[in-house]
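With our numbering applied, the sequence shown covers 919 to 1379.
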Amino acid sequence: MTDRCRRIAIIGAGFSGTTLAIQLLRRVTTPTEILLIDRSGVFGLGLAYSTTNRDHLLNVHAGRMSLFPDEPDHFLSWLKLTNHPAANDADLAHAFLPRADYGKYLQDSLAAAVKAAPLNVRIELITGEVATLDSGEHHTAIGLSDGRTLIADQAVLCLGNPIPYLPARYDDTASLAGRVVDDPWTTDALQRIRPDDQVALIGSGLTMIDIVIDLAGRGHRGTLHAVSRHGLLPNAHAASHAYTIDAFDIPGTIRGQLRWMRAHVAKAAGAGIDWRAVIDAVRPHIQLFWRALSKSERKRFLRHCRAYWDVHRHRTAPAVAARIDALRTSGQLTVTAGRIAKIECTADKIALSIAPRGEASERTLDVDWILNCTGPTSHYAKGPDRLVRDLLDSGTIRLDGLGLGFDIAPDGKAITKEGPPSSRLYALGPPTRGVLWEITAVPDIRIQCAALAENLATDFG
Ligand SMILES: Cc1cc2nc3c(=O)[nH]c(=O)nc-3n(C[C@H](O)[C@H](O)[C@H](O)COP(=O)(O)OP(=O)(O)OC[C@H]3O[C@@H](n4cnc5c(N)ncnc54)[C@H](O)[C@@H]3O)c2cc1C
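Set out below in structure tokens:
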């Protein structure tokens, strides 16, 4: 071991970066400085947990949301310490709590880890946008957009999903273009929407649901038109007995995997167990299922199955689903399956032309707003992110074979354009989706964070 202080830079302080920092603070024993960098100036919330709307609920129950794979009750213990008003432990474990509470848990856990870290392990929280990264033989130089340069021994990309953009063209010089909102999370658009405005929401997944819940909570009265290619909404969670699958003999084709899954759903149904329990039983092994598929089989899944898989796998809290059902029943929320054909901004309305699925002619909706709710995209290469462009252009990283994110080696090292893994650069979380597929939610990302922290803690000598 050496006494030299090494520096590990974590770029992005959402769930992935913050959890990695906490894990490093707990595991590292040699002199180390951790640089946790985020352009937002907020540490520990990221996109998912920065909402202050208490109707935005976790879509995973509290019992599965611990930061630590080896301490499954950690979140529940924190909730009890903060006097969460649940009737009993079982109720608490099965509750779908506000995402804002989870953000507080993350920030409290970071503060606790900083306090408990050995004296020779320090963390610095740095506000700044990383624009360039030069990973050389001896160190990594991290360039911030304000001109600062930080030097680190290792760097970890925890960048989250790329900035969303609307999958349709429109005339952005038109006067109403400001009402076509590419990223509903980062604008004050929702505050500007008047209660009787007609709103089109492109996408019908969890992002659409968040936005509808938000608007409904503000007393919105106008019609909300959700449009997506398949018109499918996420299923709701429902209580069920657990289902267990003992042995995994994983088929190598998507057709074989679907057949396998259907057989288990039928077997579960025969025992009075809900299909959701089968997905929950398979879920910890989904990365293995993905790895078993060839590139062409993975493409087949993305083309034919993804939309159906997503609405079964990514489910909503029952209370949220009930509110969405009520809005649909009242007619205030409509859902159309179709493709966006055209967007035209007229004098006082936006004309949204839709080619409905299975219909020959287009339909036009006159709306006051179009909100892009297509959710997290995978278009890292096409997005405006300066750092990602710099990394791809310099060959420091490359996209995975499907272009869903960054290519990584099994130990998390970013793979360079030339092929060998980088010796100093790693990637975590959603950008590694192409390699792992199931790396969207806390129960999966926390395992990846713990493994990388262990690796970084032990490999420095
Ligand atoms: C709305 C929503 C709700 C969700 N709900 C749940 C749930 O209930 N349960 C669950 O298990 N999972 C949920 N998830 C999934 C989940 O937990 C996340 O996707 C996870 O938070 C990913 O965290 P991340 O840190 O990788 O990305 P992000 O949270 O997006 O954080 C990335 C961070 O990197 C920073 N950054 C990016 N580029 C740069 C740069 N160049 N320089 C400096 N900083 C940069 C950003 O500012 C950001 O803070 C949800 C996801 C979303 C989007």
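Yeah, the Cβ is synthetic: ideal placement off N, Cα and C, and Gly gets one too.
Legend entry - Bounding residues of the alpha helix (DSSP H) (the contiguous stretch that carries residue 1042): Run containing residue 1042: none in the alpha helix (DSSP H); it sits in the beta strand (DSSP E), 1039-1045.
Inset, instruction - Tell me whether the beta-carbon of residue 1198 lies closer than 9 Å to the beta-carbon of residue 1156. - result: no
Inset, instruction - Please name the residue, chosen from 936, 932, 1321 and 942, that lies closest to residue 925 on a Cα-to-Cα basis. - result: 942
Legend entry - residue 1238 - containing alpha helix (DSSP H), residue span: 1236-1248
Legend entry - Minimum length 3: unbroken beta strand (DSSP E) runs contained in the region 923-1007: 924-929 and 950-956
Legend entry - Coarse secondary structure for residue 1158, derived from DSSP in three states: coil
Legend entry - Proximity of residue 1308 and residue 1316 at Cβ, strictly below 9 Å: no
Inset, instruction - Look at the alpha carbon of residue 1027 and the alpha carbon of residue 1058, and state the distance between them as a whole number of angstroms. - result: 28 Å
Inset, instruction - Report yes if the C-beta of residue 1356 is less than 8 Å from at least one heavy atom of ligand 1; otherwise report no. - result: no
Inset, instruction - Out of 1255, 1261 and 1286, point me to the one whose CA is closest to residue 1274's CA. - result: 1255
Inset, instruction - State yes or no: is the C-beta of residue 1099 nearer than 8 Å to some heavy atom of ligand 1? - result: no
Legend entry - Counted within 10 angstroms of its Cβ, other Cβ atoms place residue 1054 as buried (16 or more) or exposed: exposed
Inset, instruction - Grab me the residues of residue 938's own chain with a C-beta within less than 8 Å of its C-beta, minus the 5 sequence neighbours each way, in chain order. - result: 928, 1074, 1076, 1346, 1367, 1370 and 1371
Legend entry - Per-residue DSSP class, three states only, for residue 1174: helix
Legend entry - Beta-bridge partners of residue 1263, as assigned by DSSP: 1268
Inset, instruction - Using only the heavy atoms of ligand 1, determine whether one of them is closer than 8 Å to the beta carbon of residue 969. - result: yes
Inset, instruction - Indicate whether residue 1234 and residue 1006 have their beta-carbon atoms separated by less than 9 Å. - result: no
Inset, instruction - Can you check DSSP and say which residues form a bridge with residue 1433? - result: With the chain covering 919 to 1379 only, the question about residue 1433 has no answer from this structure.
Legend entry - C-alpha distance - residue 1260 paired with residue 1085, whole-angstrom precision: 11 Å
Legend entry - Where residue 919 sits in the DSSP three-state scheme: Here the model assigns residue 919 a pLDDT of 47, short of 50, so the residue's position is not dependable, and the following value carries that caveat. Correct three-state label for residue 919: coil.
Inset, instruction - Work out the CA separation of residue 1376 and residue 1042 for me, nearest whole Å. - result: 21 Å
Legend entry - Inter-residue spacing [alpha-carbon to alpha-carbon] between residue 1070 and residue 1149: 47 Å
Legend entry - Any non-hydrogen atom of ligand 1 within 8 Å of residue 1363 CB: yes
Inset, instruction - Please confirm whether any heavy atom of ligand 1 lies closer than 8 Å to the CB of residue 1291. - result: no
Legend entry - Cβ neighbour criterion (16 or more within 10 Å) applied to residue 1125: buried
Legend entry - Environment of residue 1152 [buried if 16+ CB atoms lie within 10 Å]: buried
Legend entry - Span of the beta strand (DSSP E) around residue 1343: 1339-1345
Inset, instruction - Flag this pair as yes or no: are the beta carbons of residue 1134 and residue 1250 separated by less than 9 Å? - result: yes
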